[in-house]
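J.: Numbering (the working numbering), first residue to last: 763 to 1048.
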Amino acid sequence: MQTANTLDMLRTLTATLRKDGSTLGLVPTMGALHKGHLTLIKAARDACDHVVASIFVNPTQFGPNEDLDAYPRQLEEDSAMLEAEGCSLLWAPTVEAMYPQGFASSIAVSGVSANFCGASRPGHFDGVATVVCKLFNQVQPDMAFFGEKDFQQLAVIRTMARDLDLTAPRVEAIIGVPTVRESDGLAMSSRNRYLSSEDRAAAATLPAAMREAIARIADGTEVRQTLRGLEDALLGAGFSQVDYAQLADATSLEPLEVLGSKDARLLVAAKIGGTRLIDNMAVNPA
Ligand code: PAF
763 MQTANTLDML
773 RTLTATLRKD
783 GSTLGLVPTM
793 GALHKGHLTL
803 IKAARDACDH
813 VVASIFVNPT
823 QFGPNEDLDA
833 YPRQLEEDSA
843 MLEAEGCSLL
853 WAPTVEAMYP
863 QGFASSIAVS
873 GVSANFCGAS
883 RPGHFDGVAT
893 VVCKLFNQVQ
903 PDMAFFGEKD
913 FQQLAVIRTM
923 ARDLDLTAPR
933 VEAIIGVPTV
943 RESDGLAMSS
953 RNRYLSSEDR
963 AAAATLPAAM
973 REAIARIADG
983 TEVRQTLRGL
993 EDALLGAGFS
1003 QVDYAQLADA
1013 TSLEPLEVLG
1023 SKDARLLVAA
1033 KIGGTRLIDN
1043 MAVNPA
């Protein structure tokens, strides 16, 4: 696996990989890799000739009260994991390479960014959209792979790609890869490492209560009442705060009061022991 730290180097190396008509799959990450990321690499490897992974802790998607400096950085370990997984190229730019002196542009994707994590993290999705747009332009992949774990992020990126014509032939497809879960159902996340053993055990209530709520909605129980029950179950299990527990249209992320004939998603964010966990699950149309 080769590593590029400058845009010139990246362009030379991607041109070489593409030379014989080979396809490139991009997996954007912020590092601190876990099994969930490796599933994205595997999906990219299965679909494309070469995998390009990026590791960049993107400062523009952190709010003033979010600790950018505390975000785990382990480039050597991550690099070894990517190489073992068959990645061809690692794009690991510096902050100066990504945002040179005088950088003044930003992409805002309205609507789909507004609710859920967008409401509690103002500017977060502008930072995500801007850096992902840059990554698409820098790498020019045939396909790009993102975890469904960050479902709102995936919806924002798909909307941006559609609106700004970043889709085919520039990026042939944006692939959402299903969430990888621990044996007790907890979605894998770099944040799980911050949980105490007691909170880690209680955190498994999140996916269990979500599955229960989905079964109730499918049985016809009122959505609002079901979501209140879900919140109560989390608070009863030791979560200190539920930021949102909401049924939404799977594409526009418009909140739904009833399950209609379109694909829906149950999205939850809740805090336990100071760690904010997010999860989402598909809810089949009625
Ligand atoms: O999901 C992430 O790790 C980041 O938000 C992304 C997509 C790499 C953009 O910085």
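Quick reminder that beta carbons are idealized off the backbone N, C-alpha and C, glycines included.
Straight-line CA distance for F824 to L830?
T.: 6 Å
J.: So, is V1020 buried or exposed, given that buried needs 16 or more other C-beta atoms within 10 angstroms?
T.: exposed
J.: Would you say the beta carbon of P1017 comes nearer than 6 Å to a heavy atom of ligand 1?
T.: no
J.: So, does the region 847-854 touch the region 802-812, judging by three or more C-beta pairs under 8 Å?
T.: yes
J.: Kindly indicate which residue of L1039, V814, V789, D808 has the alpha-carbon position closest to the one of A777.
T.: With respect to the C-alpha of A777, the residue from L1039, V814, V789, D808 having the closest C-alpha is V814.
J.: Could you give the distance in angstroms between the alpha-carbon of A980 and the alpha-carbon of G880?
T.: 28 Å
J.: Please determine whether the Cβ atom of P790 lies at a distance below 6 Å from any heavy atom of ligand 1.
T.: yes
J.: Compute every distance between the C-beta of V893 and the non-hydrogen atoms of ligand 1, then say whether any falls below 6 Å.
T.: Placement of the Cβ of V893 at a distance of less than 6 Å from at least one heavy atom of ligand 1 is found.
J.: Cα-Cα, which of L775, S958, P834, A809 is closest to R938?
T.: Residue identity check: residue 938 is Gly in the sequence provided, not Arg. Ranking the options by Cα distance to G938, first place goes to A809.
J.: Are the beta-carbon atoms belonging to L897 and F908 less than 7 Å from one another?
T.: Not a contact, by the Cβ cut-off of 7 Å.
J.: Assuming R932 and Q902 are in contact, meaning their beta carbons sit under 8 Å apart, how far apart are those beta carbons, in whole angstroms?
T.: 7 Å
J.: Judging by CA-CA distance, which residue of P826, P821, L786 is the nearest neighbour of E934?
T.: Comparing Cα positions, the closest option is L786.
J.: Using only CA atoms, which one of R953, Q987, E944 lies nearest to A966?
T.: The residue with the shortest Cα to Cα distance from A966 is E944.
J.: Mind pulling the alpha helix (DSSP H) runs of 4 or more residues that sit fully within the region 772-843?
T.: For the alpha helix (DSSP H) assignment, the uninterrupted runs of no fewer than 4 residues enclosed by the region 772-843 are, from N- to C-terminal side, 797-809.
J.: Which residues in the same chain have their Cβ closer than 6 Å to the Cβ of V1004, if we skip the five residues on either side of it in sequence?
T.: E993, L996, A1032
J.: Assuming S1040 and S1002 are in contact, meaning their beta carbons sit under 8 Å apart, how far apart are those beta carbons, in whole angstroms?
T.: Going by the sequence as given, residue 1040 is Ile instead of Ser. Actually they do not touch by this definition, with Cβ atoms about 15 Å apart.
J.: If the criterion is Cβ atoms closer than 7 Å, does the pair A999 and A964 meet it?
T.: yes
J.: What is the residue span of the beta strand (DSSP E) that R932 lies within?
T.: R932 -> no beta strand (DSSP E), and no H or E assigned at all.
J.: Does the contact criterion of 3 or more C-beta pairs under 8 Å hold for the region 835-845 versus the region 786-797?
T.: yes
J.: Quick check: is any heavy atom of ligand 1 less than 6 Å from the C-beta of V890?
T.: yes
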